[in-house]
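Colleague: Sending over a structure as structure tokens; questions will come in a sec.
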Amino acid sequence: MREAQEREFTTHDGSALFYRHWPPLQATGEARALILLHRGHEHSGRLQHVVDELGLDTFAMFAWDARGHGRSPGPRGDSPGFAALVRDLEAFVAHIGDTYGIGPQDIALIGQSVGAVIAATWVHDYAPRLRCLVLTAPAFKVRLYVPLARPGLALMRRLFGNFFITSYVKARFLTHDPERIASYDEDPLITRSISARVLLELADAADRVVADAQAIRVPLQLFIPGKDWVVHRQPQERFFEHLGSPLRECHLLPGFLHDTLGERERKLPLNAIRAFIERMFSAPPAADSLLQADRSGYTRDEEMCLGQPLPLLSPRRLSFACTRLAMRTLGRLGEGIAIGLRSGFDSGSSLDHVYRNQARGRLLLGRLIDRGYLDSPGWRGVR
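Residue numbers (the working numbering): -8 to 374.
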């Protein structure tokens, strides 16, 4: 068994997060790393078997305890938001680069379940020059089994603030491996709850990444369990269909439960992962040229779609029409909109009014309209 060194790194908000580091067993002179992201509710200690069974002896391996999990600080199952977890991963990769001299171009990343969504969101939002990405059973849509659960949770959070939900998932629904079932039930570091904030923001991030998966260009390998009681299969398939990666693989694992890398027959995905990573590191990383992106590709397709006029009865077109009508009628009561219509919303006089940040207008209604205009996100950003 490879021995882990226990370490901490300081993330973006000053929190010290726990991680394990397994140094390479064989030195080759080339710095290579594999980062493992655990499933929701779990921690890095439950990835020891993956490190041992995956092999890859020339790789340094790293696995964190996400904040609110395992030996990392924070309320159990919570974080300041899902975006904070993604920023934590950015800080973790930067720490590995600063401390061990291994940059993203020499890193492979494996994410499982919630960890897979964190990984996919990080790759989508930060566009690192990662060597390759492996996702197993990404939790793009969690099975909640209660009608209207997501809008209901959102309403309760709005009314009562953040709260916690205890996981209904039993170990026998995660894996067929008796040892993994027993260790899950007996592990005191398993986090049984998840906050509504993290659950809802996880769902929002997943929707966004699946819809815009064409922006992900790194080599990617996806594993979909065939008998997953925890997450839905269809969003994983849509993600792969939309994926912009020129090098990509999708493996359906019949009969597998959610804990793909902890299943009884886990040698199947582990062998495929090992082969994929070795292949990606067998040659220098391919340069992803975007010199023709203005002529072809997903951003060009988006530009073409946005340039098309909306249908006459489109709800968005009707909404825009109502907004224009409101601005040209009642909106004129507010000084900011009146100036914009008269001299242009990017004119000097408009900017002077924005920087003064004093609501003015005819009657009380005009001042209220102007207050809303000045408090719009765009003008707040300009100030």
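Glycine included, each C-beta is placed from N, C-alpha and C at the ideal position. This one's a predicted model, so the numbers in the text were calculated from it and none came from an experiment.
On a CA-only basis, which of Leu76, Leu45, Leu190 and Asp178 is nearest Leu8? Give me that one, please.
Modeller: Leu76
Colleague: Candidates Trp13, Glu44 and Leu213: which alpha carbon is nearest Lys258's?
Modeller: Glu44
Colleague: Considering only residues of the region 14 to 48, which uninterrupted beta strand (DSSP E) runs meet the minimum length of 3 residues and lie entirely inside it, listed in chain order?
Modeller: 24 to 28
Colleague: Roughly how many angstroms separate the alpha carbons of Leu321 and Gln349, rounded to a whole number?
Modeller: 19 Å
Colleague: Looking at the structure shown, is Gly339 part of a helix, part of a strand, or coil, going by DSSP?
Modeller: Note: Gly339 maps to helix in three-state DSSP.
Colleague: Considering Thr314, what are the terminal residues of the alpha helix (DSSP H) in which it resides?
Modeller: Pro306 to Arg319
Colleague: Output the distance between the C-alpha atoms of Gly352 and Arg358, rounded to the nearest integer angstrom.
Modeller: If I take the Cα positions, the gap works out to 5 Å.
Colleague: How about the region 162 to 180 and the region 128 to 139: do they share at least three Cβ pairs that are nearer than 8 Å?
Modeller: no
Colleague: Among all the DSSP beta bridges, which residues are the ones paired with Met52?
Modeller: The secondary-structure analysis by DSSP pairs Met52 across a beta bridge with Trp13 and Leu25.
Colleague: Measuring straight from C-alpha to C-alpha, what distance separates Arg67 and Ala57?
Modeller: 10 Å
Colleague: Kindly indicate which three-state DSSP category Glu440 falls into: helix, strand or coil?
Modeller: For the chain, the structure presents residues -8 to 374; residue 440 sits outside this window and is missing.
Colleague: With a threshold of 6 Å on Cβ separation, who are the neighbours of His387 within its own chain once the five nearest residues in sequence on each side are excluded?
Modeller: Since the displayed the chain opens at -8 and closes at 374, residue 387 lies outside it and no answer follows.
Colleague: Taking all protein chains shown into account, decide if Glu21 is buried (16 or more other Cβ within 10 angstroms of its Cβ) or exposed.
Modeller: exposed
Colleague: With Ala99 as the anchor, note down where its beta strand (DSSP E) starts and where it stops.
Modeller: Ile98 to Gln103
Colleague: Mapping DSSP to helix, strand and coil, what is Thr251?
Modeller: helix
Colleague: Which residue from Ala274, Arg149 and Asp116 puts its Cα closest to that of Ile81?
Modeller: The sequence shown places Glu at residue 81, rather than the Ile named in the question. Ranking Ala274, Arg149 and Asp116 by Cα distance to Glu81 puts Asp116 first.
Colleague: If I follow the unbroken alpha helix (DSSP H) through Gln(-4), where does it start and stop?
Modeller: Where Gln(-4) is concerned, there is no enclosing alpha helix (DSSP H), although the beta strand (DSSP E) it sits in stretches over Gln(-4) to Thr1.
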